[in-house]
Each structure stands twice: as structure tokens, then as C-alpha cells.
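**Q** Quick one: structure below, then a few questions.
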Amino acid sequence: MMSSPNTVKIIMIEDDEGHARLIEKNIRRAGVTNEIVPFVTGGDALDFMLGKDGSGEPSRGQPILILLDLNLPDMSGLDILQKVKANEHTRRAMVIVLTTTDDPREIARCYDLGANVYVSKPMQYDKFVHAIQQLGMFVAVMKIPEVE
Amino acid sequence: MRFAKRDGDTHPISLPCRTIRWRDIVLSMLINIKSIFKSIPTILAMGAVILLVVVLGALYFSGRASEEADLAVDASRLNSRVLRLLSSAQDAETGQRGYLLTGDDRYLAPFSASAKAIPSEIAALTPHLLAIGVPQASLDHLKRLTEQKLSEMQRTVDLRAAGDPSGAIAIVRSNVGISLMDELRDQIDKIQDRGSENSSEHIAALKTSTTSLSAIIAVSAALLVALAAGAMKLIYDNHRQVEAARQQLADANESLEETVTSRTQGLQRANDELQAYAYIVSHDLRAPLVNIMGFTEELDRASQVFKDYLAKHGDGLATLEGSAAREAVETDIPEALGFIRSSMRRMDNLITQILVLARAGNRELHRDPIKLTELVDDTLATLRHRLDEAGIEVAVEGILPEVYSDRLALQQIMGNLLDNAIKYMDASRRGTIAIEGRRHGMFASVEISDNGRGIAEGDRERIFELFRRSGRQDMPGDGVGLAHVRALARRLGGDVTVRSELGQGTTFEVKIAADLARLKREDLK
Numbered sequence: 006m007m008s009s010p011n012t013v014k015i016i017m018i019e020d021d022e023g024h025a026r027l028i029e030k031n032i033r034r035a036g037v038t039n040e041i042v043p044f045v046t047g048g049d050a051l052d053f054m055l056g057k058d059g060s061g062e063p064s065r066g067q068p069i070l071i072l073l074d075l076n077l078p079d080m081s082g083l084d085i086l087q088k089v090k091a092n093e094h095t096r097r098a099m100v101i102v103l104t105t106t107d108d109p110r111e112i113a114r115c116y117d118l119g120a121n122v123y124v125s126k127p128m129q130y131d132k133f134v135h136a137i138q139q140l141g142m143f144v145a146v147m148k149i150p151e152v153e
Numbered sequence: 024m025r026f027a028k029r030d031g032d033t034h035p036i037s038l039p040c041r042t043i044r045w046r047d048i049v050l051s052m053l054i055n056i057k058s059i060f061k062s063i064p065t066i067l068a069m070g071a072v073i074l075l076v077v078v079l080g081a082l083y084f085s086g087r088a089s090e091e092a093d094l095a096v097d098a099s100r101l102n103s104r105v106l107r108l109l110s111s112a113q114d115a116e117t118g119q120r121g122y123l124l125t126g127d128d129r130y131l132a133p134f135s136a137s138a139k140a141i142p143s144e145i146a147a148l149t150p151h152l153l154a155i156g157v158p159q160a161s162l163d164h165l166k167r168l169t170e171q172k173l174s175e176m177q178r179t180v181d182l183r184a185a186g187d188p189s190g191a192i193a194i195v196r197s198n199v200g201i202s203l204m205d206e207l208r209d210q211i212d213k214i215q216d217r218g219s220e221n222s223s224e225h226i227a228a229l230k231t232s233t234t235s236l237s238a239i240i241a242v243s244a245a246l247l248v249a250l251a252a253g254a255m256k257l258i259y260d261n262h263r264q265v266e267a268a269r270q271q272l273a274d275a276n277e278s279l280e281e282t283v284t285s286r287t288q289g290l291q292r293a294n295d296e297l298q299a300y301a302y303i304v305s306h307d308l309r310a311p312l313v314n315i316m317g318f319t320e321e322l323d324r325a326s327q328v329f330k331d332y333l334a335k336h337g338d339g340l341a342t343l344e345g346s347a348a349r350e351a352v353e354t355d356i357p358e359a360l361g362f363i364r365s366s367m368r369r370m371d372n373l374i375t376q377i378l379v380l381a382r383a384g385n386r387e388l389h390r391d392p393i394k395l396t397e398l399v400d401d402t403l404a405t406l407r408h409r410l411d412e413a414g415i416e417v418a419v420e421g422i423l424p425e426v427y428s429d430r431l432a433l434q435q436i437m438g439n440l441l442d443n444a445i446k447y448m449d450a451s452r453r454g455t456i457a458i459e460g461r462r463h464g465m466f467a468s469v470e471i472s473d474n475g476r477g478i479a480e481g482d483r484e485r486i487f488e489l490f491r492r493s494g495r496q497d498m499p500g501d502g503v504g505l506a507h508v509r510a511l512a513r514r515l516g517g518d519v520t521v522r523s524e525l526g527q528g529t530t531f532e533v534k535i536a537a538d539l540a541r542l543k544r545e546d547l548k
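These protein sequences, in sequence, are chains A and B.
To convert, count from 1 in the first sequence and add 5; that's my numbering.
To convert, count from 1 in the second sequence and add 23; that's my numbering.
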């Protein structure tokens, strides 16, 4: 499905394909039809959002929601978070951190860096599904502001 | 469980080689001290002997000198007495001549006095003169001469008194008196010579004595100077040895400190690595679990679809395959999924526990003043319901020590140990838990004793390993509590140990550093 420039684009940065598939399935199940762009490495995702030159031009006027895993093969999710929040075109992007740890220090660090929501991937699948579907509803209703 | 063991293994390695070096240093210091005690007193004793010899010699020779001086003075005094004897005789003669010339009795007074004094003076002088070696013969001669002279003069005086001056003068003219007088003078000269000789003998002896005294003082002074030089050399050498030993000790101390620091850092690094390892492993183990769990649910969902389909359209499939499909969908698949789920949960639980331990090892410790009595009371309050339910009696004996340590870690330690005590009571008797504590040196310890089921001897070390449990497995638990307690106690600068009698009860002793600040800085971060 093609999305118009003003609908929210979901950037999913997740190196585990299984996780990516499960997340996508559950988001779709929740009735969210927004475009989901999956990335396996942080570098590719940053290139996509900020451009090769890191200017953020590709994301100008584009509302973005980022689903971010913290443990990536090439860089830490925290670095991505920092870079996204430092760029004027992406700094208002909604960032949802999805990770397997529930370390309170890591959670605090994510919020400090500007993450909007922190979801730990729970073992109890229904909880996970619930969290993802909540997210879907959230995406459906939100209108992410973008600078002109 | 691995790092708990590693920790215990690596600690004592540094000790044996250190001990030997310390003993060497202490020994060499003892030898130095011994040599000080050996030679300094010798020198002091020698000095004392020399001083004693000097004093005794000085006393002896000065005694001798004063004796000789006295004797010399006596000798010259004797000589002058002998000389006075001559002048007495001359006085007597002068008196006699005056009387003979004038007949005046006034001239008789000196004559009579001398005539009377001379014999007694000779008698008095005799022993002294004999003592200085004047021969008896010459004394007898002197006596005789004086007697003859005196009697000659007496005769003339008597004649003059009887009115016969010419008779008296005739006696004088006979020159007997003069020759007697000359002889007397000669004799007295001889005696005086002997006296002078005697006097000079004593003066010579006096000189010898003083010379000896000077010599002895000079030699002793030289000896004392030599001894003092020796002593100074010795003291200097000793000082140098002590200084060298001190330097050695300081060096050893420094290298010891370096070794301790580097070992502590090594341990710290190893520990950090293990913590990071545990963290990463558990973290990375979790990712596939999420998948297995997620896709298990997907499978469940899919099989539900099948089940629904079969329920709706499967009535016609009364064949063998149909019932097998129904069985697979209704029984086999849910059973398989059930086992997968419960195993997943168990695995997740284990990973969570490893994460908790890894996190506890990473957590920054805070040093707070803590009254252990209050902390234990608080912990007991949270367990009150279970204690009452099981009818367990708890006695805190006396006042537990006060420490400066990490509150959360201590709460977890006490909570785990008390929880175990409650969990593993023996149902056949009334449970009791006794808690006591004490402070010893830099450590504080708390003992928690129960009369529960106890721990078999072979299990007493195993129970501290991660995921290991002992005895009947009739209570929920995953074998993490004691591993956690041990890890925490070690982080607080101590350890936890167990004494137990199977079927009688168990005592856990937690020992921690009384003041966390005394631990190495690296531990506090």
C-alpha cells in the first residue's frame, strides 16, 4: 500500500526477523494499515531517515513512528535514538523502544534520550500482543506533528 | 553459579609467597637487633672496666704520691730538728762563754735550758732517725759527743760558780770543747746528709707515682677514645642496617600494595566480565525465546483455525483419517504447545534470575548507617503472616551490630535467609528461628539458626550454587536465593557460610565488612 506524505510511516529497526514478523503481524491484526519499513541494521535505518549526508532531508514533512530494538548488530539503539532526536526533521518522531531487557537503568536512559514509550518484549505472548495492539491503536489515532 | 566458584578460587592465591617474604624481613630485622644487643654492651662493659682501672690506679698512685710527699716533708722536718740540735748545743756554748766571762747568772739560763733539752731531744729523735736508716752507732756517737760536750761545759760552769774562773778558762783553753763541738758538727752533718738523701728518695718516689698516674690516665683516655670510636662505628653500622631493613620493608610494603591493587583490579575485571557475560548471555538467550513463544502462539492460533474448521465441516469426516486429524488438532497439538509453553516459562524464569543476579552484581552499593536489629525486624514484619501461619517462633537475641553498608543488599540477604528458614521447616515439630549477631574487628556477622529439616553434608556447598537445591523438592523455588545471598555477602566484603545437621536444623552465618568504606575503592565504584 502506498502512503500519502502525511500519513505516519512506521520505521521498524529490528535485527531479529522473527520479532519483526511477530510485531508486524500483530500491528496488522490491530487494524493498522500504515506503511511499515523494516530495517535489520541501525545504519540502514539512519540512512533512510536522515539521508546519506545525515541532513534529515528525506524525512522533511514526513511523520515518523520508530519501533526501535536496543540490541542491534552494528550499533546500539541508544545511538540511533540520540541521532534521531538531534536532527531537526526527525526530532519530533515518535520513538517506541521494544527490547528484551527490563533493566530499570536502561529504561531510564531511553526516556532521558527522548523515547516516548518503552515496551519490554514479554515472554507471555498475550501481554506482548496486547502491548503491540495498544501501539496499533495509538498509531491509528495519533497525528504526529512535523515542522514545516 | 560459575562466577560464585571462581570468586572463591582466586582469592587466596596471593597469600603463600607473600608470607615467605615477610618472614625473611622480620628475621633479618631480628638478627640486626640481636647484633646491637651483642656488641654495644660489650663496649660498655669494656669502657666500665677501663674506667674502674683508671679510678683504682688513680686512687693507688695518688695515695702513694701523698704518702711519699708526707714522708719527704717529714724527712726535711727531721733534718731541721737535727740542725736545731746543733744550734741548741751552740746556744749552750754561747751561754757558757758568757757566764764564764761575766759570772752573770743571766747567761746561765740558755745554757741550762739547752743542756736539759738536748738529751731528751736526742732520745725523741732516735727512733725517727733509725727509721730513715741512720745507723745506731752514729746515733750513739752523737749521744756520747753531746754528753761529753755538755759535761765539759758543765764542769767549766761549776768551776766558775765555785769561784775558780781561771780553772774554767783553762779547761776552755784546753780546746777539748772546740774539738768536741767540731766533732758534733761533723756528726750532725752526716746525719743530715742521710736525712736529705732520704728526703730526695721520697721525692723521687713521688715523682714516679705522679708519672705513673699520668701514664695510666693517658693510656685509659686513649683506650676510651678507641672504644668510643668503635661504639660509634657500630652504632653507625647498625643504623645503616636498620635503615636498609626499613627501606626493604617499605619496598616490600609498596610492592605488596601494588600486588594487592593489581590483583584486586584483576579480580574486579574478571568479575565485571562475568557480570557482562551473564547479562549478555541472558539477554541474547531471551531474543530467540520471544520468537519461540510468539510463533508457538501463532501455531496455536493456526491450529485453532483448523479446529474451528473441523468443528464446522468435519461432521462428514467420520473416517479414520478424520478422527486422527481431530485428535491431532484437539489433543496432540494443544499438548505439545502446552509443554513448549511451560518449558519456555521455566527457561524464561531461569534467564530472569540470571539477569537479577547479574544486575545485583552491577548495582552500585550505597554506604548507609544501618542498625541490623531494625533491618531484621522490618524483614520479619514482611514475613509476619507466613510466620504466624506456620506457628514459627522467632527470637532475636540481644542487639545486633550497627554497620555502614548497603541497605538493599542486606534486606535481600536477610529476606532470602529468613524465607528459606520458614520454607524448609520440619512439619513434625514447632518451628523456631534464632537470630544473633556480633561485631568482631572489621567485620559484623549475623547468625540465623532454625530447627528445620537441615541440609545433608554433601549439599552444604552445593546449595550456594546457582539453580541447585537440596533435599526434598516439595517447595517452590528455583535455586537462586542462596547464590544471590552469597554473591551479595561477598560484595559487602564478607561471605555466607552454613552449619547444619540433617534433621536437626541449620545455621547460616552472614559475615560482612562492618564499614563498606574500608573495602577497596574499586568495589564501591
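Just so you know, even glycine gets a beta-carbon here, dropped at the ideal spot from N, CA and C.
Being a predicted model, the structure only gives us computed values, none of them experimental.
Please list the segments of the beta strand (DSSP E) lying wholly inside the stretch 445-474 of chain B, counting only runs of 3 or more residues, in order along the chain.
**A** Entirely contained in the stretch 445-474 of chain B, the beta strand (DSSP E) runs reaching 3 residues are, in chain order, 455-463 and 466-473.
**Q** Closer than 8 Å, Cβ to Cβ, to anything on chain A: give me those residues from the stretch 501-534 of chain B, in chain order.
**A** Of all residues in the stretch 501-534 of chain B, none has a Cβ within less than 8 Å of some Cβ in chain A.
**Q** Comparing the C-beta of R309/B with each C-beta of chain A, is any distance below 9 Å?
**A** At least one chain A Cβ lies under 9 Å of R309/B.
**Q** Nearest-angstrom Cα distance between E561/B and I478/B?
**A** Any question about residue 561/B goes unanswered here, given that chain B covers just 24 to 548.
**Q** Can you give me the start and stop residues for the alpha helix (DSSP H) that A540/B sits inside?
**A** Segment: none, A540/B is in no alpha helix (DSSP H) and carries neither H nor E.
**Q** If you draw a straight line from the C-alpha of D355/B to the C-alpha of G361/B, how long is it?
**A** Distance between the alpha carbons of D355/B and G361/B: 10 Å.
**Q** Buried or exposed: M465/B, going by 16 or more other Cβ atoms within 10 Å of its Cβ?
**A** Label assigned to M465/B: exposed.
**Q** Check this for me: beta carbons of L165/B and L207/B, under 9 Å apart or not?
**A** The answer is yes: Cβ separation under 9 Å.
**Q** Please name the residue or residues paired with S428/B in a DSSP beta bridge.
**A** The partner list for S428/B (beta bridge, DSSP) reads D391/B.
**Q** Can you pull out the residues from the stretch 369-383 of chain B whose beta carbon lies closer than 7 Å to at least one beta carbon of chain A?
**A** Listed by position, the residues of the stretch 369-383 of chain B near chain A (Cβ gap below 7 Å) are D371 and R382.
**Q** Return the first residue and the last residue of the alpha helix (DSSP H) that R167/B is part of.
**A** It spans Q159 to A184 - the alpha helix (DSSP H) in which R167/B sits, taken as one unbroken run.
**Q** Of the residues L410/B, G421/B, V469/B and V417/B, which one's Cα is nearest the Cα of L433/B?
**A** Checked all of L410/B, G421/B, V469/B and V417/B; the closest Cα to L433/B is V469/B.
**Q** Measure the beta-carbon distance from S243/B to V76/B and round it to whole angstroms, keeping in mind my assumption that it falls under 8 Å.
**A** With 8 Å as the limit, S243/B and V76/B qualify as a contact, their Cβ atoms being about 7 Å apart.
**Q** Measure how close the beta-carbons of L101/B and I155/B come, nearest whole angstrom, since I'm counting them as under 8 Å.
**A** At roughly 7 Å, the Cβ-Cβ gap stays under 8 Å, so L101/B and I155/B are in contact.
**Q** From which residue to which residue does the alpha helix (DSSP H) around A479/B run?
**A** Note, A479/B: premise wrong, no alpha helix (DSSP H); not H, not E.
**Q** Taking only the alpha-carbon atoms, compute the straight-line gap between H34/B and H262/B and give it to the nearest angstrom.
**A** In this prediction, H34/B has a pLDDT of 42, which is less than 50 and means its spatial position is unreliable; nothing more can be read from the coordinates.
**Q** Compare the Cα-Cα distances from Q177/B to each of D401/B, R120/B and E321/B and report the closest residue.
**A** The option with the nearest alpha carbon to Q177/B is R120/B.
**Q** Mind pulling the beta strand (DSSP E) runs of 3 or more residues that sit fully within the stretch 474-531 of chain B?
**A** Correct list: 518-524.
**Q** Report the residue from I192/B, V157/B, A95/B and T234/B whose alpha carbon sits nearest the alpha carbon of K213/B.
**A** Nearest option by C-alpha distance: V157/B.
**Q** On the three-state DSSP scale, how would you describe T402/B?
**A** Three-state result, T402/B: helix.
**Q** Once DSSP output is grouped into helix, strand and coil, what is the label at K57/A?
**A** In this structure, K57/A counts as coil in the three-state DSSP scheme.
**Q** Among I32/A, D20/A and T106/A, whose alpha-carbon lies nearest the alpha-carbon of S305/B?
**A** Per the Cα distances, T106/A.
**Q** Residues in its own chain within less than 8 Å of N439/B by CB, not counting five upstream and five downstream?
**A** If we look at N439/B and ignore the five residues flanking it on each side, its Cβ neighbours are G504, L505, H507 and V508.
**Q** In terms of residue numbering, what span does the alpha helix (DSSP H) encompassing L86/A cover?
**A** Counting along the chain, the alpha helix (DSSP H) containing L86/A begins and ends at G82 to A91.
**Q** Is it true that the CB of M367/B sits closer than 9 Å to the CB of A308/B?
**A** In the sequence on display, residue 308/B carries Leu and not Ala. No, Cβ-Cβ distance for L308/B and M367/B is not below 9 Å.
**Q** Just to confirm my understanding: we take I66/B, look at its own chain, exclude 5 residues before and 5 after, and list those with CB closer than 8 Å. What are they?
**A** Closer than 8 Å at Cβ, skipping near neighbours: L250, G253, A254 and L257.
**Q** What is the rounded straight-line gap between the Cα of E116/B and the Cα of S137/B?
**A** Taking the straight line from one Cα to the other gives about 9 Å.
**Q** Bridge partners for V125/A per DSSP, in chain order?
**A** A quick correction: the sequence has Ser, not Val, at residue 125/A. According to DSSP, S125/A bridges with T104/A.
**Q** What in chain A is Cβ-close to H306/B, meaning under 8 Å?
**A** Ordered by position in chain A, the residues that pass the 8 Å Cβ test against H306/B are N76, T105 and T106.
**Q** Using a Cβ-Cβ cutoff of 8 Å, what residues of the stretch 16-34 of chain A are near chain B? List them in chain order.
**A** Those residues of the stretch 16-34 of chain A that come within reach of chain B (Cβ to Cβ, closer than 8 Å) are D21, G23, H24, L27 and K30.
**Q** Specify, as a first and last residue, the run of the beta strand (DSSP E) that V37/A falls within.
**A** Where V37/A is concerned, there is no enclosing beta strand (DSSP E), given that its DSSP letter is neither H nor E.
**Q** For a cutoff of 9 Å on Cβ pairs, would you count S365/B as touching chain A?
**A** No, S365/B does not count as interfacial toward chain A.
**Q** Contact criterion: CB-CB distance below 9 Å. Does F318/B meet it with respect to chain A?
**A** Chain A contact via Cβ: present.
**Q** In chain order, what residues of the same chain have a beta carbon less than 6 Å from the beta carbon of D114/B, not counting five sequence neighbours either side?
**A** Excluding positions up to five away in sequence, the list reads P133 and S137.
**Q** So what does DSSP say about L308/B, is it helix, strand or coil?
**A** In the structure shown, L308/B sits in a helix (DSSP, three-state: H, G or I).
**Q** Using a Cβ distance threshold of 8 Å, determine whether the stretch 13-24 of chain A contacts the stretch 76-93 of chain A, with at least three qualifying pairs required.
**A** Counting Cβ pairs under 8 Å, three or more are found: they touch.
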